[in-house]
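Chemist:
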Amino acid sequence: MGLTSQEIDHVVAATVKELAEHRLEELVREQVKAVLEAEARKTRPKRIAIVASKGTLDAAYPPLILATTAAALDMEAGIFFTFFGLEIVKKSGLENLKFVPIANPAMPMPMPNLLGALPGMTGLATLMMKQTIKQKHIASIPELMGLAKECGVKLWPCQMTMDMMNIKRGELIDGVQEPVGAATFLEYASSSDITLFV
Amino acid sequence: MAGGYTVDQVLDCKGLNCPLPVIKTKKTIEQMALGQVLQMIATDPGSKSDMVAWSKSTGHELLETREEPGVYTFFVRKSK
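As structure tokens, then:
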């Protein structure tokens, strides 16, 4: 029944050889895959995927500025508008986004936080912010949205948010994509070089 | 004629802020022919580094940057 030590050595050597070959094959396959992926990345344009989740005037700027600039840098850009971020692509929202002074310690004109809660303060702060934007020749949100569409930035409304907030397709501005779910955005983001959440 | 090239088109971005100078540059150069030179004038101090990044990213050659107080002038050759 017992094996001689020679036989044991033989079995061990064969097993080790088989394992090593198997592992080597795996490594080669991984390497080849990595090289192919790197090549594919080099040939396709760079891509940026952004989530816009907030619906205030100030929060609408970063996604639109970054997406339009990305397009100017020959990148592909896509923005997923979800939760309050959907306001940015609503007809009633795009031109009427508000700047909310409450709980914002970085206000350009410092004021006691409590004042921000007074009726009319949001309207006043928004008005002042819009004036500054105009004076400093900074693009307005509708202007940036126009540029984004012109540059072919993909604008995805979040289907779930639309259902939740009872928003109809007709309430969205022209030029947006069909509403999509998280999976569609993630699929796009998974092949992106830059992903941002605003 | 400046530095061995002729300017084919001038784009005035004075007074405009980020990201408009870069976006307007891109839109203008798209309408130009290969090898033509665009002169872009900006007052946004950020455009100094942004135009270098834009050139690096798009492959359009930034031939020259001139800086006077508050005014930045860029010469870009359409390279593709």
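From first to last, the protein sequence lines stand for chains A and B. Per this note's numbering, the first sequence starts with residue -6, numbered consecutively. Per this note's numbering, the second sequence starts with residue 401, numbered consecutively. Built from N, CA and C at the ideal position, the CB exists for glycine as well.
(1) Can you give the beta carbon distance from residue 438(B) to residue 425(B), rounded, assuming they're within the 8 angstroms contact cut?
(2) Output, in sequence order along the chain, the residues in the segment 123 to 155 of chain A whose CB is closer than 7 angstroms to any CB in chain B.
(3) Is the separation between the beta-carbon of residue 60(A) and that of residue 146(A) shorter than 8 angstroms?
(4) What would DSSP say about residue 139(A), mapped onto helix, strand or coil?
(5) Mapping the DSSP letters down to three states, classify residue 72(A) as helix, strand or coil.
(6) Using DSSP with H/G/I as helix, E/B as strand and the rest coil, what is residue 440(B)?
(7) Closer than 7 angstroms by beta-carbon distance: list the chain A residues that pair up with residue 498(B), in chain order.
(8) Cα separation between residue 448(B) and residue 68(A)?
(9) If you draw a straight line from the alpha carbon of residue 484(B) to that of residue 454(B), how long is it in whole angstroms?
(10) Is residue 16(A) helix, strand or coil by DSSP?
(11) Considering only C-alpha positions, which residue in the set 97(A), 101(A), 120(A) is nearest to residue 109(A)?
(12) Give me the subset of the segment 26 to 53 of chain A whose CB atoms are less than 9 angstroms from a CB atom of chain B, sorted by chain position.
(13) Would residue 457(B) pass as an interface residue toward chain C - the criterion being a Cβ-Cβ separation below 8 angstroms?
(14) Would you call the segment 71 to 85 of chain A and the segment 40 to 56 of chain A touching, i.e. three or more CB-CB distances under 8 angstroms?
(15) Please report the straight-line C-alpha distance between residue 184(A) and residue 57(A), rounded to a whole angstrom.
(16) Can you pull the chain B neighbours of residue 58(A), defined as C-beta to C-beta under 9 angstroms?
(17) Can you list, in chain order, the stretches of the beta strand (DSSP E) that have 3 or more residues and sit fully within the segment 31 to 72 of chain A?
(18) Classify residue 102(A): buried if its beta carbon has 16 or more other beta carbons within 10 angstroms, exposed otherwise.
(19) Please state if the CB of residue 475(B) and the CB of residue 451(B) are separated by a distance shorter than 8 angstroms.
(20) Give a yes or no on whether the minimum CB-CB distance between residue 426(B) and chain A is below 8 angstroms.
(21) Relative to the ligand ADP, is the shortest distance from any of its heavy atoms to the C-beta of residue 95(A) smaller than 7 angstroms?
(22) Comparing C-alpha positions only, which one of 88(A), 152(A), 73(A), 136(A) sits nearest to residue 181(A)?
(23) Should residue 35(A) and residue 186(A) be called a contact, given that it needs their Cβ atoms to be closer than 8 angstroms?
(24) Alpha carbon to alpha carbon, how far is residue 1(A) from residue 7(A)?
(25) Looking at C-alpha atoms only, which residue of 49(A), -1(A), 63(A) is the closest neighbour of residue 87(A)?
(26) Quick check: the Cα distance between residue 401(B) and residue 465(B), rounded to an integer number of angstroms?
Modeler: Result, derived from the coordinates:
(1) Here residue 438(B) is taken as the residue at index 38 of the second sequence, counted from 1. Here residue 425(B) is taken as the residue at index 25 of the second sequence, counted from 1. With 8 angstroms as the limit, residue 438(B) and residue 425(B) qualify as a contact, their Cβ atoms being about 7 angstroms apart.
(2) 129, 130, 131, 132, 140
(3) Along the first sequence, read from residue 1 onward, the residue named residue 60(A) stands at position 67. Along the first sequence, read from residue 1 onward, the residue named residue 146(A) stands at position 153. Closer than 8 angstroms, so yes.
(4) The sequence position of residue 139(A) within the first sequence is 146, counting from 1. Residue 139(A) falls in the helix class under three-state DSSP.
(5) Your numbering for residue 72(A) matches position 79 in the first sequence. Three-state DSSP puts residue 72(A) in a strand.
(6) Against the second sequence, residue 440(B) aligns to sequence position 40. Reduced to three states, the DSSP call for residue 440(B) is strand.
(7) With chain B covering only 401 through 480, there is no way to say anything about residue 498(B).
(8) Translated into positions along the second sequence, residue 448(B) becomes position 48. Translated into positions along the first sequence, residue 68(A) becomes position 75. Whole-angstrom Cα-Cα distance: 20 angstroms.
(9) Outside the displayed range of chain B (401 to 480) lies residue 484(B), so it cannot be described from this structure.
(10) Residue numbering aside, residue 16(A) sits at position 23 when the first sequence is read from its first letter. Assignment of residue 16(A) by DSSP, reduced to helix, strand and coil, places it in the helix class.
(11) Taking the first residue of the first sequence as 1, we reach residue 109(A) at position 116. Nearest C-alpha to residue 109(A): 97(A).
(12) 39
(13) As a matter of chain content, chain C is missing from the structure shown, whose protein chains are A and B.
(14) yes
(15) Working through the first sequence from its first residue, we reach residue 184(A) at position 191. Working through the first sequence from its first residue, we reach residue 57(A) at position 64. Rounded to the nearest angstrom, the two C-alpha atoms are 20 angstroms apart.
(16) The residue you call residue 58(A) lines up with position 65 of the first sequence. Neighbours of residue 58(A) on chain B, chain order: 418, 419.
(17) 40 to 45
(18) Taking the first residue of the first sequence as position 1, residue 102(A) is located at position 109. Exposed, by the Cβ-count rule.
(19) Here residue 451(B) corresponds to residue number 51 of the second sequence, with the count starting at 1. Here residue 475(B) corresponds to residue number 75 of the second sequence, with the count starting at 1. Cβ distance not < 8 angstroms, so residue 451(B) and residue 475(B) don't count as in contact.
(20) Working through the second sequence from its first residue, we reach residue 426(B) at position 26. Yes, contact with chain A.
(21) Although the ligand ADP was asked about, the structure shown includes no ligands whatsoever.
(22) On the first sequence, position 188 is the one that residue 181(A) refers to. Nearest of 88(A), 152(A), 73(A), 136(A) to residue 181(A), Cα basis: 73(A).
(23) For the purposes of this step, residue 35(A) is identified with residue 42 of the first sequence, where counting begins at 1. For the purposes of this step, residue 186(A) is identified with residue 193 of the first sequence, where counting begins at 1. Against a cut-off of 8 angstroms, the Cβ pair of residue 186(A) and residue 35(A) comes out as no contact.
(24) Looking up residue 1(A) in the first sequence gives position 8. Looking up residue 7(A) in the first sequence gives position 14. Distance between the alpha carbons of residue 1(A) and residue 7(A) is about 10 angstroms.
(25) Here residue 87(A) refers to the residue found at position 94 of the first sequence. Among 49(A), -1(A), 63(A), the Cα nearest to that of residue 87(A) is on 49(A).
(26) In the second sequence, residue 401(B) corresponds to position 1, counting from 1. In the second sequence, residue 465(B) corresponds to position 65, counting from 1. Residue placement at residue 401(B) is poorly supported in this model, since its pLDDT is 49, which falls under 50; the coordinates still yield a value, given next. Using only the alpha carbons, I get a separation of about 15 angstroms.
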